[in-house]
Amino acid sequence: MAYRDVYDAWKSDPEGFWMEAARQIDWERAPSRAWFDQGPVGEWFSDALVNTCWNAVDRHVEAGRGDQPAIIHDSPITGTSRCLSFAELRDRVARLAGALRAGGVGKGDRVIIYMPMVPEALEAMLACTRIGAIHSVVFGGFAARELAIRIDDAKPRAIIAASCGLEPGRVVRYKPLLDAAIETASHKPEFCVILQREQDIAELIPGRDHEWHEFQQGAAPADCVAVEGNHPAYILYTSGTTGQPKGVVRHTAGHLVALNWSMRNIYGIDAGDVFWAASDVGWVVGHSYICYAPLIAGATTIVFEGKPVGTPDAGTIWRVISDHKVKSFFTAPTAIRAVKREDPAGELIGNYDLSGLQAVFLAGERADPDTIQWLEDRLHLPVLDHWWQTETGWAIAANPFGIEHMPVKKGSPSVAMPGYDVQILDDAGATVPMGTLGAIAVKLPLPPGTLPMLWNAEERFRKAYLDRFPGYYETGDAGYVDEDGYLYIMARTDDVINVAGHRLSTGAIEEVLASHPAVAECAVIGAADRLKGEVPLGLLCLKRGVQTSNEQVIREIVALVRDRIGPVAAFRNACVVDRLPKTRSGKILRGMMVRIANGEDVDAPATIDDPAILDEIAAALGQIGYARRQG
Numbered sequence: 187m188a189y190r191d192v193y194d195a196w197k198s199d200p201e202g203f204w205m206e207a208a209r210q211i212d213w214e215r216a217p218s219r220a221w222f223d224q225g226p227v228g229e230w231f232s233d234a235l236v237n238t239c240w241n242a243v244d245r246h247v248e249a250g251r252g253d254q255p256a257i258i259h260d261s262p263i264t265g266t267s268r269c270l271s272f273a274e275l276r277d278r279v280a281r282l283a284g285a286l287r288a289g290g291v292g293k294g295d296r297v298i299i300y301m302p303m304v305p306e307a308l309e310a311m312l313a314c315t316r317i318g319a320i321h322s323v324v325f326g327g328f329a330a331r332e333l334a335i336r337i338d339d340a341k342p343r344a345i346i347a348a349s350c351g352l353e354p355g356r357v358v359r360y361k362p363l364l365d366a367a368i369e370t371a372s373h374k375p376e377f378c379v380i381l382q383r384e385q386d387i388a389e390l391i392p393g394r395d396h397e398w399h400e401f402q403q404g405a406a407p408a409d410c411v412a413v414e415g416n417h418p419a420y421i422l423y424t425s426g427t428t429g430q431p432k433g434v435v436r437h438t439a440g441h442l443v444a445l446n447w448s449m450r451n452i453y454g455i456d457a458g459d460v461f462w463a464a465s466d467v468g469w470v471v472g473h474s475y476i477c478y479a480p481l482i483a484g485a486t487t488i489v490f491e492g493k494p495v496g497t498p499d500a501g502t503i504w505r506v507i508s509d510h511k512v513k514s515f516f517t518a519p520t521a522i523r524a525v526k527r528e529d530p531a532g533e534l535i536g537n538y539d540l541s542g543l544q545a546v547f548l549a550g551e552r553a554d555p556d557t558i559q560w561l562e563d564r565l566h567l568p569v570l571d572h573w574w575q576t577e578t579g580w581a582i583a584a585n586p587f588g589i590e591h592m593p594v595k596k597g598s599p600s601v602a603m604p605g606y607d608v609q610i611l612d613d614a615g616a617t618v619p620m621g622t623l624g625a626i627a628v629k630l631p632l633p634p635g636t637l638p639m640l641w642n643a644e645e646r647f648r649k650a651y652l653d654r655f656p657g658y659y660e661t662g663d664a665g666y667v668d669e670d671g672y673l674y675i676m677a678r679t680d681d682v683i684n685v686a687g688h689r690l691s692t693g694a695i696e697e698v699l700a701s702h703p704a705v706a707e708c709a710v711i712g713a714a715d716r717l718k719g720e721v722p723l724g725l726l727c728l729k730r731g732v733q734t735s736n737e738q739v740i741r742e743i744v745a746l747v748r749d750r751i752g753p754v755a756a757f758r759n760a761c762v763v764d765r766l767p768k769t770r771s772g773k774i775l776r777g778m779m780v781r782i783a784n785g786e787d788v789d790a791p792a793t794i795d796d797p798a799i800l801d802e803i804a805a806a807l808g809q810i811g812y813a814r815r816q817g
């Protein structure tokens with residue numbers, strides 16, 4: 187079947203489509219139907235009984251594939267690599283789950299996981315789902331205050347952490363951050379389990395803290411506990427506009443069905459294949475496509491502790507793909523731009539055997555056409571953008587590689603996936619003509635695997651996602667659909683700027699800037715202007731070894747924008763910076779730069795990779811007449 191046949195099959199019979207997909211899951215009690223009209227947006231497979239850990243681990247051992255690699259841990263920072271088979275993973279997870287159960291953790295209890303990119307992080311997640319506990323992974327090294335907020339919201343019975351995490355050239359001590367967070371939080375966990383890493387042995391608090399291995403000694407392995415289909419598998423906190431994080435909830439059954447469907451149909455991955463999502467378990471990509479989806483599908487997943495550059499060089503991605511025979515690779519465009527900046531000609535790619543790689547998938551930030559073209563020219567493989575959110579848990583729009591490799595339109599994540607009825611709306615909630623920029627919304631109900639609610643915050647859930655466009659889920663992104671049904675994500679709704687009455691997408695301007703041969707990475711923001719309301723400002727990171735002066739590059743990109751978008755863009759100002767402010771997951775903090783440009787006081791957000799960069803941005807914007815001009 188072609189993509190259009192599959193999508194039409196879903197649209198004509200959503201219930202039948204998802205019940206058929208559910209046949210690929212092992213149920214303790216199969217669902218009687220797919221969708222249940224209950225809760226704020228409905229629920230999927232609610233009357234089923236099922237266990238996530240069984241479907242991700244045990245069933246593959248039972249099927250005779252216990253010797254197959256389940257997890258490959260590759261750490262260029264420590265210079266080590268190790269592999270866990272499905273049988274080994276089952277035994278380790280069952281033992282940890284048994285120790286948690288002996289400690290009083292059971293179905294419905296919350297467990298916060300605060301760990302780096304090590305296999306034990308996945309073991310902790312799976313051990314929680316094995317006994318019906320609800321895990322909440324917090325990015326390792328997150329500030330104590332932010333961790334405390336999450337402790338108070340989730341109210342965990344236990345916290346599982348590591349003594350430290352590793353970054354290029356430094357050790358990040360987790361335990362002092364954890365201790366400070368627990369001291370600050372009103373809620374106190376009953377106990378903590380600490381994985382001691384040799385790079386920093388933490389001091390344990392008697393009576394509360396337990397060393398990872400000692401905690402498990404003598405514990406009886408736990409069997410899988412079947413839970414209801416609408417039982418929460420996890421809570422994942424995402425940043426909120428109020429500064430208070432939003433706890434995205436993922437129900438168990440829909441999560442299993444949707445992720446399993448996506449592995450084969452979007453990524454072309456089957457049991458026995460090797461899949462690498464270069465993210466972190468603290469983010470949604472790490473939940474969906476490092477831990478759960480590959481293992482549910484019976485594939486091997488890679489846990490990578492390193493960076494795209496600097497561990498040791500810009501060839502580390504290609505080395506990992508070559509060493510472990512990766513079939514599909516998933517990363518953020520910002521990682522590829524970092525590689526391109528350090529190795530503009532892609533010379534390091536030639537050092538490795540990439541013959542097993544079938545495709546590269548990009549998500550997390552808009553994939554600019556220049557970055558896609560750079561990869562295509564060097565890999566001679568499909569490079570496929572796709573678009574999804576923490577809230578959805580899997581792709582809203584993608585090029586469904588496992589169904590058919592559709593033509594790529596650079597700048598578009600391609601087409602809506604089954605389950606997603608994507609519409610482009612104006613401010614009044616009416617659909618706009620084809621090709622017109624508007625707010626991107628998804629007609630309810632959302633498909634399996636998406637969020638059914640926020641943790642203990644139904645009213646906030648409605649306000650954040652449902653109230654603006656009744657009958658729709660509001661994505662917060664702006665874009666348009668072309669004549670072939672391809673979706674274009676041009677900006678967050680807040681990043682659509684109004685220049686003298688003309689609505690312009692910052693993404694469209696960034697696309698032009700990125701096409702300049704000297705530009706490695708860029709961002710466009712809208713700054714307040716007394717005459718025009720807003721004007722676009724460009725921030726440019728140049729490739730290593732560029733001989734052209736900064737001033738000449740800026741003159742050329744101003745001319746490019748005037749030529750390709752027109753004078754209406756009023757693009758006249760840009761500055762060259764060494765780096766852009768980003769979250770740890772690689773998202774550019776455009777809103778933060780807008781506030782700096784407009785002279786507002788800003789506090790570094792908890793998710794920022796390096797707070798010092800904000801002063802660098804303020805200095806650069808100050809040189810072109812912006813930043814702190816009002817103060």
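Under my numbering, the sequence shown is numbered contiguously, ending at residue 817.
Ideal Cβ placement from N, Cα and C applies to all residues, glycine included.
Completely contained beta strand (DSSP E) runs for the segment 307-360, where each covers 3 or more residues: The qualifying runs are 320-323, 344-348, 350-353, 356-359.
Beta carbon of alanine 479 nearer than 9 Å to that of leucine 445: Stepping through the sequence shown from its first residue, residue 479 is reached at position 293. Stepping through the sequence shown from its first residue, residue 445 is reached at position 259. Note that the C-beta distance between alanine 479 and leucine 445 is below 9 Å.
Element boundaries [beta strand (DSSP E), containing phenylalanine 401]: As a first step, residue 401 must be located in the sequence shown, where it is residue number 215. Premise fails: phenylalanine 401 lies in the alpha helix (DSSP H), 398-402, not in any beta strand (DSSP E).
Rounded straight-line distance, which links the Cα of leucine 623 to that of alanine 616: As a working mapping, residue 616 is identified with position 430 in the sequence shown. As a working mapping, residue 623 is identified with position 437 in the sequence shown. Spanning the two alpha carbons is a distance of roughly 12 Å.
Cβ contact (3+ pairs, closer than 8 Å) linking the segment 768-775 and the segment 744-755: Because the criterion of three Cβ pairs below 8 Å is not met, the segment 768-775 and the segment 744-755 do not touch.
Alpha-carbon to alpha-carbon, valine 698 and glycine 817: On the sequence shown, position 631 is the one that residue 817 refers to. On the sequence shown, position 512 is the one that residue 698 refers to. Reliability fails at glycine 817, whose pLDDT of 32 lies under 50, so the model's placement of it is uncertain and the value that follows must be treated cautiously. If I take the Cα positions, the gap works out to 33 Å.
Contained alpha helix (DSSP H) runs [length at least 4] in the segment 673-726, N- to C-terminal order: You should have 692-700.
Same chain, Cβ closer than 6 Å to valine 323, five either side skipped, listed in chain order: Within the sequence shown, residue 323 is the residue found at index 137, counting from 1. Within the same chain, valine 323 has close Cβ partners Ile299, Val467, Gly468.
Sequence-distant residues of its chain with Cβ nearer than 6 Å to glutamate 562 (five each side left out): Here residue 562 refers to the residue found at position 376 of the sequence shown. So the list reads Val569, once near-sequence residues are dropped.
Reduced DSSP category for alanine 463 - H, G, I as helix; E, B as strand; rest coil: Along the sequence shown, one-based indexing puts residue 463 at 277. In this structure, alanine 463 counts as strand in the three-state DSSP scheme.
Alanine 218 (DSSP reduced to helix, strand or coil): For the purposes of this step, residue 218 is identified with residue 32 of the sequence shown, where counting begins at 1. Looking at the sequence provided, one finds serine at residue 218 rather than alanine. Reduced to three states, the DSSP call for serine 218 is coil.
Backbone CA spacing between aspartate 365 and serine 372 [nearest angstrom]: In the sequence shown, counting from the first residue as 1, residue 365 sits at position 179. In the sequence shown, counting from the first residue as 1, residue 372 sits at position 186. Aspartate 365 and serine 372: Cα-Cα distance of roughly 13 Å.
Distance between beta carbons of alanine 686 and glycine 724, contact taken as under 8 Å: The count along the sequence shown starts at 1 and reaches residue 724 at position 538. The count along the sequence shown starts at 1 and reaches residue 686 at position 500. About 18 Å separates the beta carbon of glycine 724 from that of alanine 686, a gap too long to meet the 8 Å contact definition.
Contacts around alanine 280, its chain only, beta-carbon distance under 6 Å, and the 5 residues preceding and following it disregarded: Here residue 280 is taken as the residue at index 94 of the sequence shown, counted from 1. Closer than 6 Å at Cβ, skipping near neighbours: Pro407, Ala408.
Short Cβ contact (9 Å threshold) for tryptophan 196 with tryptophan 221: Numbered from its first residue, the sequence shown carries residue 196 at position 10. Numbered from its first residue, the sequence shown carries residue 221 at position 35. Not a contact, by the Cβ cut-off of 9 Å.
Chain-order list of residues whose beta-carbon lies under 6 Å from that of histidine 259 (same chain, five-residue window excluded): Position 73 of the sequence shown, counted from the first residue, corresponds to residue 259. Arg268, Pro305, Val489.
Closest residue to isoleucine 476 among Ala242, Ile782, Asn237, Trp213 (Cα-Cα distance): Position 290 of the sequence shown, counted from the first residue, corresponds to residue 476. Checked all of Ala242, Ile782, Asn237, Trp213; the closest Cα to isoleucine 476 is Ala242.
Cβ contact (3+ pairs, closer than 8 Å) linking the segment 286-296 and the segment 306-323: Remark: three or more beta-carbon pairs, one from each stretch, lie closer than 8 Å, so the segment 286-296 and the segment 306-323 are flagged as touching.
Of the listed residues Ile626, Gly671, Ile675, Tyr672, nearest to tyrosine 651 (C-alpha basis): Translated into the one-based positions of the sequence shown, residue 651 becomes position 465. Of the listed residues, the one whose Cα sits closest to tyrosine 651 is Ile626.
DSSP three-state assignment for phenylalanine 377, whether helix, strand or coil: Locating residue 377 in the sequence shown gives position 191, counting from the first residue. Here phenylalanine 377 sits in strand by DSSP.
Endpoints, alpha helix (DSSP H) assigned at aspartate 801: Mapped onto the sequence shown, residue 801 falls at position 615. Its alpha helix (DSSP H) spans residues 799-809.
Nearest to alanine 249 (by Cα), restricted to the options Ile503, Leu637, Ala792, Gly458: Translated into the one-based positions of the sequence shown, residue 249 becomes position 63. Alanine 249 has its Cα closest to that of Gly458, out of Ile503, Leu637, Ala792, Gly458.
Member of Leu611, Val236, Glu802 whose CA lies at the smallest distance from the CA of valine 413: On the sequence shown, position 227 is the one that residue 413 refers to. Comparing Cα-Cα distances from valine 413 to each of Leu611, Val236, Glu802, the minimum goes to Val236.
CB of isoleucine 503 within 9 Å of CB of phenylalanine 516, strictly: Here residue 503 refers to the residue found at position 317 of the sequence shown. Here residue 516 refers to the residue found at position 330 of the sequence shown. Not a contact, by the Cβ cut-off of 9 Å.
C-beta contact flag for serine 425 and proline 791 at 9 Å: Looking up residue 425 in the sequence shown gives position 239. Looking up residue 791 in the sequence shown gives position 605. Taking C-beta atoms as the reference points, serine 425 and proline 791 count as a pair closer than 9 Å.
Rounded C-alpha distance that separates arginine 209 from aspartate 456: If you number the sequence shown from 1, residue 209 lands on position 23. If you number the sequence shown from 1, residue 456 lands on position 270. Pairing arginine 209 with aspartate 456, the inter-Cα distance amounts to about 16 Å.
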